[in-house]
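Counting in our numbering, the sequence shown tops out at residue 72, every number present. The beta-carbon is built from N, C-alpha and C at its ideal position, and this holds for glycine as well. Bear in mind the structure is a predicted one, so any value in this text is a computation, not a measurement. Have a look at the structure below, then the notes.
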Amino acid sequence: MAITPTHTKRLLKRPEVREKTSLSDSELYRQIAVGSFPRPIRLTPNGRAVAWLESEVDAWIESRLAEREEVA
1 MAITPTHTKR LLKRPEVREK TSLSDSELYR QIAVGSFPRP IRLTPNGRAV
51 AWLESEVDAW IESRLAEREE VA
């Protein structure tokens with residue numbers, strides 16, 4: 001049975017997430033640990049390969065921008 005998505009969901013690997021957010025690996029995982037950043041999706045059963053939904057990363061960036069505007 002073929003799955004036909006209604007829209008495309010793009011996955012980002014860690015280097016792309018780091019580039020897009022300017023977060024280091026350690027800060028990225030610190031933010032995940034405290035629930036401030038979206039958790040990655042496991043791409044393999046052992047969990048060694050992970051990726052993030054681009055839409056969730058974009059939403060996180062937008063929330064940082066909104067937070068900045070609230071402070072100003």
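| Asked | Found |
| --- | --- |
| Taking the alpha-carbon positions, what's the residue 36 to residue 68 distance? | 15 Å |
| Suppose the cutoff is 8 Å on Cβ atoms and the five residues either side in sequence are ignored; what does the same chain contact list for residue 12 look like? | 20, 51, 52, 53, 54, 57 |
| Got a sec, what are the start and stop residues for the alpha helix (DSSP H) residue 17 sits in? | 14 to 21 |
| Hey, could you find the ends of the beta strand (DSSP E) residue 50 is sitting in? | 50 to 53 |
| So, helix, strand or coil for residue 30, using DSSP? | helix |
| In angstroms, rounded to a whole number, what distance separates the CA positions of residue 32 and residue 8? | 24 Å |
| Would you kindly work out how many angstroms separate the C-alpha atoms of residue 39 and residue 71, rounded to a whole number? | 26 Å |
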